[in-house]
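Before any comments, here is the structure.
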Amino acid sequence: MRISRADRSRLTEWWFTVDHVLLAAILAIVAAGFILSLAASPAVAIKKGFDAYYFVERHVFFTGFGLLIMVAVSLLSPAGVRRLALTLVFVSFAMLVVVHFNGIEINGAKRWLSIWGHSFQPSEIAKPGFAVIAAWLFAEAQSRPDMPAFPLAIALLGAFATLLIMQPDVGQTLLIVAVWSTLYFASGRAIAGAGVIGGIALAGGIAAYFMLPHVQARVDRWILNPMPGDRSQMDRAIQSFTEGGFLGRGPGEGTIKTVLPDAHTDFIFAVVAEEYGAVACLALLSLFAFVVLRALVQATREPDAATRLAIIGLGLLFGLQALINMGVNVGLLPAKGMTLPFISAGGSSTLAVSVTLGMLLALTRRRPDQQRAKKPRLVPTIGAT
Amino acid sequence: MRRTATKPRATASVDEVSLRLRAIAVTGAVGLAFLAVGGQLVRLAAVNSGVTLQSNISETVAHSFSRPDLVDRNGRLFATDVENPSLFADPGVIIDRDEVVEKLTQVLPGLNARELRRDLSDRSKRFVWIKRQIAPNLAQKVHDLGLPGVSFRTELKRAYPLSRLAGHVLGAVNVDNKGVSGMERYLDDSGSVEAVHGATLSERAPVRLSIDIGVQHSLTEELQDATKRYKAEAATGVVMDVTTGEVLASASLPEPDPRSGSAADTQQTDRITGGTYELGSIFKMLTVAESLDEGVSTLDTIYDVRQPMVEGRFTIKDLHPMGRPASVRDIFLHSSNVGAAMIALKSGGDKQKAFLTKLGLLDQGRTEAGPIAQPQVPKRWERIEQITIAYGHGVAVAPLQFAAAAAALVNGGELVKPTFLRGRSEAKKTRVISADTSRQINELMRLNVTDPAGTGKRAEVPGYRVGGKTGTAEMAGVGGYEKKSVISSFVAAFPMEKPQYVVMVMLFKPQATDETKNEITAGHNAAPTAGRIIARVAPLLGVMPEPVQAAATGVPGQAN
């Protein structure tokens, strides 16, 4: 297919406006995910009684499907992104309510819905919608004081956080609170308010610590670190970092993947460290950092407040998820089931990450500066600009 | 920062800058978080050291030990590590389990097909040993089968090029190449052995034993010959340097094979260090030495040995009564029990006990290869014990300990500690008897071989000035001593004008044969065996022979 600027179809327009460097970095992460899935998941699949390449096939299928979704979403205009986000918020919040009554319970948490034989995690798909809508509300709160946008933003956070805590899913709650707070800060609201939010977050964290036993246990194990071996999974993970050294033991030479039950999801970073060494880990880390930082730097140049905040929110969502996963793996954070985007196996998470990055690509596309264009007269409207 | 509805444009430009600053702050914070994770990555990778490798995860992999070589006193090889293939399987990768079992059992008939099938059926296991340390040609055959999931890991295996030679001293290693007994165990205990992955040969210097391969070989061969010749149940012998206590050879037949692991068979225990025996008349050396050293007797002191000695319900008799009063010299030469008892009684029990203690015969000894068997000492030390101990009954000691005591008596009177390592003897010497007493003991031992009436005359080796003492101890059996079951021993030293080496030979339950003139006493079996050993080892040890004509005053032609 020849792409010409004379061609004004949607796809060619997309190709000439999309951030190629960002797209290339994302595709590099996807490629790394294919290779590392081959490294980590056959051992787990054999252990769980599946065919050796069961997880590899799933990973390739979901990621391929996810890439299509990502490109499709990135075709949208900023207004289209907001419409999609609003739809996602409504649909996924409704599903989160259903989960509470009709969900599959795994390890004491009701997080999954069964759809056509596949388990599906609505909270994953809610996150990008939440980030975009929260960003829009904060922008509206600044530019249109006549709208009750800020109370709506608080209500949005309150509703989502409540639904997540009911599952319970403390990690995701912390993630969305962090994204929401950063948006609050970046939208230009009073610093004093940030102190109040911080206080509430702290109180919530302490409440979670005392009211949810598994949170207490994990934090205790992380902070107190009483006996070596007591943190079992995490100690094994950290050991694989020290054993791998800088260059690793070599592909296929790892032992941790046969030991850890979550080697293909939450602890895939440790598998990479053991087999390919810290150098490969740093390369992977740099790829993630590059995607996040490039998006954030793009955000600082974005004149439109709603779009800028949405980019920050989506970038943070993606970046924090990667950071938390890697932080847990290297022992900087307490144990928390968070997947590494596009690297770990997991259907819902891959689709959610695809939507997140699709929106990010859509919002970072080059557009004419709205503020320099002749502005229409300010009339009260609902929804997107 | 808060905008008001009345002035939307006025604060816009200030807002722009501050908003941009806030976005940069967020970007910077996220960048720092990534840096923190990266820093931790580098920190963990830099920690990488062998120590963590060996803990937890790799425990099952690191099961191999790299050992330094063992060499004899002249640097000739006794034991070394060789790389050897071991066969293992990854059940998760095996495609056709039945094919694997069938083909492997064809090539390796020793495999248990049922156990193998069971081991391979658990596909969650990723590592199963099939057979460790197999011969390289068999490994090649298995390799040629081309079975997926069946593979080799090179391991270290201890090799003993001299097979059973000095097996007791060397000890044994287990399948992980870890020492379990003897000097192999010593290597582990002294920290010369390293835990390794796979097959990493030790880079440490070889450990030099005191054993001389030539002497060890001669001793072993002569003992084998003696067990056949005298139909003995077992035989032991030790050759020791009298000044350093270095053991040049130590053999206990039947010998174990170091390759077979532990010597579980009691017949194969090392009688030199692992068993205690009532040694009989060779103890008279000690009785006489004590009496001479204390000045209680001289060589010419006369004792009346015409009548058997009656003590309580026991009667002590001589095998060949002299029928006349005898000097200490005669008592030694004729090995008179009555005489030895009288000599001991004249000194008294306290002196006797103190003397044996001084020689270390009443306390447990120790060599590098581990503890020597604990001596059996009577609880009471009354008159009857004094009498029996005088001729070697009532106290049971390990042969190695007695050899060390004999070395002290002949070397000029200084105590030695038996050792299996070359050049490790202690510089500080403890005197146990005077040099003069030692000289007199040497004179008696030499006389016992040269005198036609001496019990040790069949040990003579022309030119090598052998001296020695015989001992025929009745073995303790059910309800008393068995007349026909004896331990016949001979403790010899040479060359007698200044002894360098002690040779001790023990034959267990020798039978009467034509060669021994239907006798089972030591003079007819242990003494000639010791002579034959000395005839072979003396040249190896660099002892210069005297011209034979000059020495031919004794009984010639005993050594063949």
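From first to last, the protein sequence lines are chains A and B. The numbering used here applies: residue -11 is where the first sequence begins, and numbers increase by one. The numbering used here applies: residue 1060 is where the second sequence begins, and numbers increase by one. Just so you know, even glycine gets a beta-carbon here, dropped at the ideal spot from N, CA and C.
With distances taken from CA atoms, which of the options is nearest residue i?
i, options, result
"B:S1547", "B:I1390, B:A1594 and B:A1291", "B:A1291"
"B:S1145", "B:E1161, B:P1168, B:L1179 and B:R1191", "B:R1191"
"B:R1027", "B:S1356, B:R1442, B:S1183 and B:H1393", "Look at the range of chain B in this structure, 1060 to 1619, and you will see that residue 1027 of chain B is not part of it."
"B:V1456", "B:Q1423, B:K1568 and B:I1446", "B:Q1423"
"B:A1518", "B:P1554, B:I1500 and B:K1542", "B:P1554"
"A:A40", "A:T51, A:A28, A:F50 and A:F49", "A:A28"
"A:S111", "A:R353, A:L64, A:V341 and A:L348", "A:V341"
"B:G1334", "B:M1565, B:T1086, B:I1592 and B:T1531", "B:M1565"
"A:R289", "A:S(-3), A:L163, A:A16 and A:P356", "A:P356"
"B:L1392", "B:K1438, B:N1507, B:F1567 and B:L1351", "B:N1507"
"B:K1343", "B:M1368, B:R1388, B:G1539 and B:T1302", "B:R1388"
"B:Q1559", "B:S1544, B:V1306, B:P1168 and B:K1376", "B:V1306"
"A:A122", "A:N313, A:P201, A:L305 and A:G346", "A:L305"
What's the gap between the Cα of residue i and the Cα of residue j?
i, j, result
"B:D1495", "B:G1304", "21 Å"
"B:G1601", "B:R1505", "20 Å"
"B:A1262", "B:K1237", "The question names Ala, but residue 1262 of chain B in the sequence shown is Glu. Between B:E1262 and B:K1237, the C-alpha separation is close to 17 Å."
"B:V1364", "B:E1427", "44 Å"
"B:P1313", "B:R1244", "21 Å"
"B:R1481", "B:G1590", "26 Å"
"A:I188", "A:A182", "10 Å"
"A:P381", "A:A129", "Summary: the structure shown does not reach residue 381 of chain A, with chain A confined to residues -11 through 373, and so no result is reported for it."
"A:H252", "A:G91", "24 Å"
"A:I103", "A:Q109", "10 Å"
"B:G1451", "B:L1459", "16 Å"
"B:S1108", "A:L270", "In this predicted model, B:S1108 has a pLDDT of only 47, less than 50, meaning its place in the structure is not dependable enough to derive any value."
"B:V1469", "B:A1462", "11 Å"
"A:V279", "A:F126", "24 Å"
"B:V1085", "A:A178", "16 Å"
"B:A1254", "B:R1217", "14 Å"
"B:I1153", "B:D1203", "16 Å"
"A:T327", "A:L311", "10 Å"
"B:M1242", "B:D1329", "13 Å"
"A:T75", "B:P1207", "53 Å"
Indicate whether residue i and residue j have their beta-carbon atoms separated by less than 7 Å.
i, j, result
"B:V1491", "B:L1418", "yes"
"A:P116", "A:V207", "no"
"B:T1332", "B:I1431", "yes"
"B:D1359", "B:S1395", "no"
"B:S1240", "B:A1231", "yes"
"A:V6", "A:R353", "yes"
"A:L273", "B:G1097", "yes"
"B:F1147", "B:R1212", "yes"
"B:A1088", "A:A174", "no"
"A:G319", "A:I256", "no"
"A:T230", "B:V1101", "no"
"B:F1549", "B:T1575", "no"
"A:R296", "A:L10", "no"
"B:P1380", "B:T1374", "no"
"B:V1301", "B:V1561", "yes"
Spatial neighbours of residue i within its chain, please: C-beta separation below 8 Å, excluding the five flanking residues on both sides.
i, result
"B:T1572", "R1288, Y1289 and K1290"
"B:T1119", "Its pLDDT being 46, under 50, B:T1119 is placed unreliably in this model, and the value from its coordinates should be taken loosely. Closer than 8 Å at Cβ, skipping near neighbours: F1186."
"A:L308", "L163, A166 and V167"
Given residue i, which residues of its chain have a CB within under 6 Å of its CB, disregarding the five upstream and five downstream residues?
i, result
"B:V1277", "The residue asked about is misnamed: residue 1277 of chain B is Ser in this sequence, not Val. The residues are R1595 and V1596."
"B:R1176", "V1160"
"A:L266", "Position check: residue 266 of chain A holds Ala in this sequence, whereas Leu was assumed. Excluding sequence neighbours, A:A266 sits near F234."
"B:R1403", "Residue identity differs from the one stated: residue 1403 of chain B is Ala in this sequence, not Arg. Cβ within range, chain order: T1346, Q1411, Q1445 and A1449."
Taking 7 Å as the threshold (beta carbon to beta carbon), is residue i in contact with chain E?
i, result
"A:F306", "Judged by its chain identifiers, the structure shown contains no chain E, and its protein chains are A and B."
Residues in its own chain within less than 7 Å of residue i by CB, not counting five upstream and five downstream?
i, result
"A:L26", "V44"
"A:G176", "Q130"
"A:T161", "A149, L152 and I153"
"B:G1513", "L1392, L1506 and N1507"
**Study point:** Complete beta strand (DSSP E) runs within the region 101 to 134 of chain A (minimum length 3 residues, chain order)
**Key:** 106 to 108, all fully within the region 101 to 134 of chain A.
**Study point:** Runs of beta strand (DSSP E) wholly within the region 1324 to 1403 of chain B (minimum 3 residues, chain order)
**Key:** Within the region 1324 to 1403 of chain B, the runs of beta strand (DSSP E) that reach at least 3 residues and sit entirely inside it are, in chain order, 1368 to 1370 and 1373 to 1375.
Practice item. Could you pull out every unbroken beta strand (DSSP E) segment of at least 3 residues lying fully inside the region 1188 to 1257 of chain B, listed in chain order? Key: Listed in chain order, the beta strand (DSSP E) runs fully inside the region 1188 to 1257 of chain B are 1209 to 1218, 1238 to 1240 and 1253 to 1255, counting runs of at least 3 residues.
Review point. In the region 1416 to 1503 of chain B, which residue ranges form an unbroken alpha helix (DSSP H) of at least 4 residues, counting only runs that do not cross its ends?
Key: The region 1416 to 1503 of chain B contains, as complete alpha helix (DSSP H) runs of 4+ residues, the segments 1442 to 1449 and 1458 to 1469 (chain order).
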